[in-house]
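See below for the structure under consideration.
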Amino acid sequence: MMDGSPVLTRRSTCAYCGVGCGVLLTADGGGGVLVKGDPDHPANFGKLCSKGLALGDTVGTSQRLRAPLVHGRPTGWDDALQLVADRFTQTARDHGPDAVAFYVSGQLLTEDYYVANKLIKGFIGTANIDTNSRLCMASTVAGHKRAFGTDTVPGTYEDLDEADLVVLVGSNLAWCHPILHQRVLAAKAKRGTKLIVIDPRRTASCDGADLHLPLAIGSDVALFNHLLTEIAARGAADQDFLRNTNGFGDALDTAQASDLRVTGLDPKDVAAFCDMWIGTQKVVTVFSQGVNQSTSGADKVNSILNCHLATGRIGMPGCGPLSVTGQPNAMGGREVGGLANMLACHLDLENAGHRDAVKSFWNAPQMPQAAGLKAVDMFRAVGDGQIKALWVIHTNPAVSMPEADAVRNAIAGCDFVVVSDITGATDTARLAHVLLPAAGWAEKDGTVTNSDRLISRQRPVLAPHGGSRPDWDILSEVGRRMGWHAPFNYQSPAEIFREHAALSSIAGTFGKDFDISGLSDLSDEDYDALAPTRWPVTDTRQGGRFFADGRFFHADAKAKLLPVQYKAPAAKTGRRYPFRLNTGRVRDQWHTMTRTGLSARLSSHLAEPFLDINPSDAASLGITPADLVEVKSPHGACILRARITSDVSAGQVFAPMHWTAETAPSARIDALVTGAVDPVSGQPESKASVVSVQKLCAKWYGFAVCQDMPAPTCEYWALSRTTAGYRVELAGRDTPDDWERTARGLFNLPAAQITSFTDPARTLHRLAFHEAGTLRAALFIAAEPVAVMRDYIATRPGEPVDHILTGRTPANVPDPGPILCSCFGVGINTITRAIEEDGLLSVDEIGDALRAGSNCGSCKPEIANLLKTLTLPQAAQ
Amino acid sequence: MAREKLVIIGAGMAAGRVLEHVTEAAPDRFDITLFNAEPRGTYNRIMLSPVLAGDKSYDDIVTHDDDWYATRAIKTRFGERVTRIDRATNTVHAERGPVAYDKLLIATGSDPVIIPLPGHDLNGVVAYRDLEDTVTMAGLAPGSKAVVIGGGLLGLEAAAGMAARGVDVSVVHLMGHLMERQLDPEAAGLLKSSLEAKGIAIQCNADSEQILGDDGHVRALRLKSGTELPCDLLVMAVGIRPSVSVAQDAGLTTDRAIVVDDQMRSSDPDIMAVGECVQHNGATFGLVAPLFDQAKVVADTLLGQKATFVQQSLSTKLKVTGCDLFSAGDFADAMGRESVIYRDLNAGIYKRLVIENDRLIGAVMYGDTADGTWFFDLIQSATDIRNMRDTLIFGPAYAHDGDPPEDPLSAVAAWPLERRCNGLTHAPLSYEPLRRAA
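Line by line, the protein sequences give chains A and B.
Residue numbering for the first sequence follows my numbering, beginning at 1 and increasing consecutively.
Residue numbering for the second sequence follows my numbering, beginning at 1001 and increasing consecutively.
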């Protein structure tokens, strides 16, 4: 290690999704980290997905903040934190505590999260703390609470191993939670588990599935109401278990009045689904953002929970509802009360008893009596000036919030904005008055909770970069500087964890689920050594499943079945906005790419933002493959690359959510997304906005590669990392007079030597900049989308110039094509050749021959689909 | 049977090639007499520049020596001028006596143009045409001064050759850029730079006014701008004029040159003409390639075989070390013509291809002419280059004629299956296993 101590491998937790995979981290002594799956971690047993395996690519320090910045100027911690404390104190004094707000994230560790929540709710005295989990999990929280009395995930991942049927609802598990998907596929191989996917879009998760129900966007409630009706009609309701519940009658009445036709599904498919679901005792219904991100998100959750409660299929091995979360510590955030309507330890802010108990535990001067502003309302309050001091921690609301342009403007107009992050290169960080450098993932010490209630340690293997500090430390010091010395005099995360665990005993007293009081006496050493531990942890109980005993957390200890009705998405399609916009993730990027975007191999899977559109819609709009399209909603506009695919139904379009002003300013998809929220959960409807689509009339299209960060200024650009530097897609409405001057500006290469190839009649211009025979950058311009071998060209900066301007590999050198397998860097063309020319017939054969898909397995569905599509014509002959 | 009497006037490269064809195909058919005004047989005139530059000797460029003629029983009358052709008696009159012919071939070539500037008859004013001129230039002492009027192919080769021998050379050129018939301004600019790097001073748009002399010997060239360029030798390389006086005097049809038909026959069916002295379909010729084509037609016609001369596109190379240029076809700007241009100016490389109706019609290259022959073939064959236009300029190694262009979707194409498979949609999922399980 850098400090001379022996090289040490430590167990930690992956930084990305809520699966919570264990990793083994080894500092390489040069500031880097080697990452392997932890074979002993119960979430992943040593496996990692493409993103997890590339974690080592993302710990580079080139974009890291080193010192606090106040109005862009490096400032000492003392001055910066005093300013933060003074301004928050002042704002609360002059305008009331509700003029202060924290917007935090599921990437905070539980200990960080706990301090933030304690500071604002117990001491500043407002409940204006919300988290990006609002965009992710809030509907599930609300659904769980309505059905169970608490936000409790009943089952565990082992249920996926033991199920006979897994139903994915609104979840592209194969790309968003690949390790869980691998578990499902392993169960399929081992015990013949059936897989059904319910998703408006045909996703990678559909490959290998037994049935795909492409239901109309937002119609999940109608489908599950029908299932509930069929459960009752076929006598499949568990009358014994129903004695532990209320509301079955009402729920069933409402369900029977429901109209299945709004789903747009073929009744045959629905019947097959009902047959399978009802006929299979061991059924796990996995649900995620497709359910949550909806104005009827909580109702969708309850429509699913209703079916499990009605059949008693809950809390037993191999069955139950399973919400999968998008962030590494979304669950930890829920536990500490990081949402505006929660208190710590699953206690309710609006319950006077809970509130008083926590207030006295914290010895807090004041506690808000009512829920604070949820994310969408919070930023509206920032926009209209009610909130005057805002602290954003590890999230990027200027991109990720719905109506993102308005949110960006609101933040830009706020009196005082503090942002804690590891980098200043985010849309939100650029708006900060005070930018605080936080310790990064491999430097942090604390705990996270994953989707199946497993508390895992995150352990540092690197020292905090530059002057950065852990979030709990920054938050505590602000608390102390605001005058609350004793309550925030924390010396270590272990101390905070013990306090949180002690507080959870109060939850136990109130009969709540989240009780880890058994860990409140953990020594520092035991905390450091803590193995993955599933809550609850009390004297009488540790881990396991909930609710098989029929005991729930409502006052009467019964569960509730909710009467829920289908409700159409808030935004209505019409002449002006005829398409419904669905949004989501891609396989190898995460959130706003501030980390995954640093990895060349992750960036090469899908190097550009896009819009999936059905062939019939594309035809009627005159859109051809690789065209750029303008997508407009009442809230904003985007320019995206068209992918014409029947994966999306006619009338529906899909765009990924990852791109930002840093990477593709015209592709900030949340600028289009409606701010309509679920009235129960406050979660925005991120997957059902309405938009218009039209072909962009670009005068020119461009593709560029370079060693150093370029500075594009045209209407459309999308930047992506490569091993050699960067690649950029470009397009413009106006043609520059002088391409050389434009290119020199783009690349900041005022004096490099230039080689050019122009065909002015066809608007074809190719320019290569080089120094001493080494290629620095190249720009390819054409009147239509640029046709060159991108994946080869992207490797050339830093290499001899050669014939780069041909846009091709040298004669007889095959182009590997875009990377399909990130682990081994195997391109789609390589795999296609293996199938077409070498006659490989299965995913396993391809794995043996090319290694593709043989490590993390994240690309296996795509390889399977490629095989199916390429071999189908022969099969038909 | 008596041999047919074949008389040839002129032993330039075209005539030499005719003799090769004829004596090879029919060694005993003709009784051949060969006149040449120069006191020697055929040598490779286009290699005079390497001789001037000192890269080759005269012996290296002789293609037909005395033995060659003797072996074929060709009567050579070198250093002797033909004075008159008497068509009535089929007789050629020369300085040392007449000779009768059955067939006569006029290959008198061309004379250098001498601009009638005041002082053009001073000693030390030469053209660049033959070995004598070459020897004169090569005889300049290092450090002496020479001026070349004319920045065309010959003028530049003369300039470079003298410069290579240490002579201080200036080139004055009337037009805006060098070699304007073969190069576009940009290629000419590169050429100018590299010649200047060899120490040659070059002025374009330079109109000569007077040649100044001392004691009957050239002293300087004065331009209309008033500039005086001192010189010990002045070379005029401003073009050639077909040498037609003998033909004209004989009453043959001439225009700018001796008018010939497709079989290279003059207006008198017994008299043919070849080389720089002919005019075919309105065109005259100065480069070697069409002359050799003509020579083949002449030989075939003489031998009674059907042959037709067809004018081809021309390509040019400049024989100056370090100035690698190539030009072919037509590259003038015109409606409907489009250019594809490659520039690597730091490396001194410039290429322009001119395209009309998806055909390559012209090429200019400077600095890297390796693919010149390939472009020349494409011009001559009028190949449709539509599908290789994006890589055409990079030469045959990148010509994937008929290949589809690269997939522009590859930026977003980790999953472009339907496109790859021509719209084939995904296979429907089978319900069979479900029914069995249910």
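Here a beta-carbon is modelled for each residue, glycine too, at the ideal position from N, C-alpha and C.
Fair warning: this is a prediction, and the values are worked out from it, not measured in the lab.
Asked, Found
"Since I believe Y113 (chain A) is in contact with G424 (chain A) (beta carbons under 8 Å), could you give me their beta-carbon distance rounded to a whole number of angstroms?", "With 8 Å as the limit, G424 (chain A) and Y113 (chain A) do not qualify as a contact, their Cβ atoms being about 23 Å apart."
"Would you list the residues sitting across from N1036 (chain B) in a DSSP beta bridge?", "B:F1078"
"So which of A:M789, A:R10, A:P267 and A:F416 has the shortest CA-CA distance to F703 (chain A)?", "A:M789"
"When the Cβ atoms of the region 563 to 575 of chain A are set against those of the region 216 to 226 of chain A, are three or more pairs found closer than 8 Å?", "yes"
"Thinking C-beta only, is Y1366 (chain B) closer than 7 Å to L1314 (chain B)?", "no"
"How about H803 (chain A): is its C-beta nearer than 7 Å to some C-beta of chain B?", "yes"
"Give me the subset of the region 1330 to 1341 of chain B whose CB atoms are less than 8 Å from a CB atom of chain A, sorted by chain position.", "E1338, S1339, V1340 and I1341"
"Are the C-beta atoms of T660 (chain A) and some chain B residue less than 7 Å apart?", "no"
"Which residues of chain A have a Cβ atom closer than 9 Å to the Cβ of F1394 (chain B), listed in chain order?", "F757, H803, L805, T806 and R808"
"Measure the C-alpha to C-alpha separation of H554 (chain A) and G372 (chain A) and round it to an integer number of angstroms.", "23 Å"
"Using a Cβ-Cβ distance under 7 Å, would N1346 (chain B) count as near chain A?", "yes"
"By the criterion of Cβ-Cβ separation under 9 Å, what are the contact partners of M1383 (chain B) in chain A?", "The question names Met, yet the displayed sequence has Thr at residue 1383 (chain B). What T1383 (chain B) touches in chain A: nothing, since even the nearest Cβ is about 17 Å away."
"Suppose you measure from the CA of R1132 (chain B) to the CA of A1187 (chain B); what does that come to, to the nearest Å?", "What sits at residue 1132 (chain B) in the sequence shown is Glu, not Arg. Going by the C-alpha atoms only, they are around 32 Å apart."
"For a quick check, are the C-beta atoms of M482 (chain A) and D130 (chain A) less than 7 Å apart?", "no"
"Using DSSP's beta-bridge definition, name the partner residues of H765 (chain A).", "A:T758 and A:I781"
"Please give me, in chain order, every unbroken run of the beta strand (DSSP E) with length at least 3 that falls completely inside the region 348 to 420 of chain A.", "389 to 393"
"I need the straight-line Cα distance from L195 (chain A) to R313 (chain A), nearest angstrom please.", "17 Å"
"Taking only the alpha-carbon atoms, compute the straight-line gap between N363 (chain A) and L349 (chain A) and give it to the nearest angstrom.", "16 Å"
"Using 10 angstroms around the beta-carbon of V1135 (chain B), count the other beta-carbons present and answer buried if the total reaches 16, otherwise exposed.", "exposed"
"Quick one: what's got a C-beta closer than 7 Å to S504 (chain A)'s C-beta in the same chain, skipping five residues either side?", "C345, F514, D515, I516 and S517"
"Any beta carbon from chain B within less than 7 Å of A761 (chain A)'s own beta carbon?", "yes"
"Q753 (chain A) CB to nearest chain B CB: under 7 Å?", "yes"
"Taking Cβ-Cβ distances below 8 Å as the criterion, which residues of the region 1360 to 1385 of chain B are in contact with chain A?", "none"
"To the nearest angstrom, how far is the alpha carbon of L867 (chain A) from that of I835 (chain A)?", "7 Å"
"Identify every residue that forms a DSSP beta bridge with F1326 (chain B).", "B:K1317 and B:M1365"
"Quick one: using the 10 Å Cβ neighbour count with 16 as the cut-off for buried, is V813 (chain A) buried or exposed?", "exposed"
"Go through its chain and collect everything with a Cβ distance to G675 (chain A)'s Cβ below 7 Å, but skip five positions before and after it.", "V376, P402, E403 and P684"
"Going by Cα to Cα distance, which pick from B:T1076, B:R1389, B:K1103 and B:D1111 is closest to P1269 (chain B)?", "B:K1103"
"In angstroms with no decimal places, state the Cα-to-Cα distance between L906 (chain A) and R243 (chain A).", "The structure shown has nothing for residue 906 (chain A), since chain A only spans 1 to 877."
"According to the Cβ coordinates, are L1174 (chain B) and D1207 (chain B) closer than 7 Å?", "yes"
"For the region 764 to 789 of chain A, which residues have a CB atom closer than 8 Å to at least one CB atom of chain B, in sequence order?", "L764, E784, P785, V786, A787, V788 and M789"
"Per DSSP, which one or two residues make a beta bridge with R641 (chain A)?", "A:F610 and A:L628"
"Got a sec: does the ligand ZN put a non-hydrogen atom nearer than 6 Å to the Cβ of G125 (chain A)?", "Among the ligands in the structure shown, none appear at all, so the ligand ZN cannot be discussed."
"To the nearest angstrom, report how far apart E740 (chain A) and D734 (chain A) are at their CA atoms.", "15 Å"
"Kindly give me the distance between the Cβ atoms of T758 (chain A) and I1341 (chain B), rounded to whole angstroms, as I take these residues to be in contact under 8 Å.", "5 Å"
"Starting from the beta carbon of Y1398 (chain B), find every residue of chain A whose beta carbon is closer than 8 Å, and list them in chain order.", "H803, T806, R808 and A811"
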